[in-house]
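Per the numbering used here, the sequence shown starts with residue 6, numbered consecutively. Report on one structure; see the data block that follows.
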Amino acid sequence: RAAARGRALRALPRAPARPFSSAASLAVDLDVPDPSAERDEVLAALSGPRPAISCVYLYDAHGSALFERICGTPEYYLTRTEDRLLRDHVRDLVRFPDEPAAAARLPPAVIVECSAGNGQKVAPLVMASAALRKTTYVPIDVSESALEGNAHRLARLGSAAAGVDVRAHVGSNEEGLAAAAELPGRKCFMLLGSSLGNALEPHEEIAMVAAHMGPDDRLLVGVDTPPSAQPAAPGAGAVPGAGGKTEAEVVAAYNDAAGITAAFTLNALAHVNRVAGTDFDLRDFRHVAEWDPQRCAIVTHVEAVRPVWVTAAGDEPGAPRRLLLELPAGGRIFVEQSGKFDYARMAAVAARAGLRVGRHWSAPKDAYLLVECARPAAP
């Protein structure tokens, strides 16, 4: 889900962003979308043969707050599983593969977290890095409120976080990566939270990061694994669907009993109303999230519960509203996919993006996978 936040409005024209400040311990780089171009893009996606809403619109301030609640539901195992995996292996993860395990101090490094959200996932790694080296942390997210929570979380850590230079970037991963690449120091790029699964073309998401990687940099990717009989990593034993995760458990993670995920999905309609001048009535729709074995993903739609007519404001002030979308009962609008990756698929995606998978770590029963990617060694 989180990848949506970082890919925010990638194709849209933007006002110039403020450059990173080198003097402050907390700097914010803010991208401002062009409202007219954003509206046109939203309306074009809704009026196409397969209506769609970019999953970036899940993440206004209310949506970000709802997502934090989703992460705490009993059904949503992804956050808890990845958090345990990161904490269990933080001593390995904090060092680049060529750095000695016994070294008490290491050269400076920059941790660049795409689609960072509130920073809960990476906080243990940032703190462990700060204990070993001068550390710059660049959280990138389209949600300013999420990044504010990120800063507050680090501040609560007190003196342990005092030496971390935080350079927040409010905007897309693509633009944030370009800014982070200009900072001095070896880079550890991170795509956590199974955010890669939101990309319709995962290799393009990896390639976007790879374009900013130097020969000594690395990329850590955390992905949810499928409920299949395939091992998530070489030499693995029991696998999801065979004593591990079942398809029902995966589906339940996106359909919590409390209805928080449903509210999260429907909130995208309210966000689109504000951005594009549409008149979606949330009561006309329901949240639908289903397992699609062909995509190896959970696919999320909003589905009309009755015939629906959606209009949009006219192009000129005072112009009459125009019919944008007509849906029968059961008609759907695509919102998001959440793809799942075993080790073989992850290695293939990385290779297609010009990277190789080196070290990897698996959660118990292969319920989650963390891989380290780098550029292939020169021949």
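C-beta atoms are modelled at their ideal positions from N, C-alpha and C, and glycine is treated no differently. Owing to the predicted nature of the structure, the values given are computational and were not obtained by experimental measurement.
Where residue i falls, given that 16 or more other Cβ within 10 Å makes a residue buried
| i | result |
| --- | --- |
| residue 41 | exposed |
| residue 159 | buried |
| residue 328 | exposed |
| residue 258 | buried |
| residue 205 | exposed |
| residue 107 | exposed |
| residue 248 | Low per-residue confidence applies at residue 248: pLDDT is 31, beneath 50, and the placement is therefore not dependable enough to give any value. |
| residue 138 | buried |
| residue 264 | exposed |
| residue 207 | buried |
| residue 320 | exposed |
| residue 341 | buried |
| residue 87 | buried |
Limits of the unbroken alpha helix (DSSP H) element including residue i
| i | result |
| --- | --- |
| residue 46 | 40–51 |
| residue 280 | 265–281 |
| residue 351 | 348–357 |
| residue 69 | 66–76 |
| residue 181 | 178–186 |
Check whether residue i and residue j have beta carbons under 8 Å apart
| i | j | result |
| --- | --- | --- |
| residue 75 | residue 273 | no |
| residue 289 | residue 310 | yes |
| residue 292 | residue 251 | no |
| residue 269 | residue 71 | yes |
| residue 5 | residue 361 | Residue 5 lies beyond the stretch modelled for the chain, which goes from 6 to 384, so this question has no answer here. |
| residue 378 | residue 226 | yes |
| residue 300 | residue 344 | yes |
| residue 83 | residue 129 | no |
| residue 312 | residue 333 | yes |
| residue 215 | residue 359 | yes |
Same chain, Cβ closer than 6 Å to residue i, five either side skipped, listed in chain order
| i | result |
| --- | --- |
| residue 62 | 273, 276, 277 |
| residue 182 | 217 |
| residue 237 | Confidence in residue 237 is poor, its pLDDT being 46 and thus under 50, which makes the residue's placement unreliable; the coordinate value appears in the next sentence. If we look at residue 237 and ignore the five residues flanking it on each side, its Cβ neighbours are 230, 347, 348, 367, 371, 374. |
| residue 118 | 127, 144, 195 |
| residue 294 | 259, 260, 303, 305 |
| residue 197 | 126, 227 |
| residue 339 | 57, 306 |
Cβ neighbours of residue i in the same chain (closer than 8 Å, five flanking residues each side left out)
| i | result |
| --- | --- |
| residue 191 | 101, 112, 113, 114, 115, 219, 221, 222 |
| residue 323 | none |
| residue 97 | 364, 366 |
| residue 213 | 178, 179, 182 |
N-terminal and C-terminal residue of the beta strand (DSSP E) that residue i is part of
| i | result |
| --- | --- |
| residue 306 | 302–309 |
| residue 60 | From DSSP, residue 60 is part of no beta strand (DSSP E); its letter is neither H nor E. |
| residue 99 | It is not in any beta strand (DSSP E) - residue 99 carries neither H nor E in the DSSP assignment. |
| residue 144 | 140–146 |
| residue 367 | 361–367 |
| residue 196 | 191–196 |
Beta-carbon contacts of residue i that lie in its chain and below 7 Å, excluding the five residues immediately before and after
| i | result |
| --- | --- |
| residue 317 | 48, 281, 282, 283, 326, 327, 329 |
| residue 8 | Caution applies to residue 8, whose pLDDT of 44 falls short of 50 and renders its modelled position unreliable; the model cannot decide the point. |
| residue 369 | none |
| residue 136 | none |
Identity of the residues DSSP links to residue i by a beta bridge
| i | result |
| --- | --- |
| residue 396 | The question about residue 396 has no answer here: the residues shown for the chain are numbered 6 through 384. |
| residue 227 | 375 |
| residue 327 | 317 |
| residue 290 | 309 |
| residue 125 | DSSP lists no partner for residue 125. |
| residue 343 | 303 |
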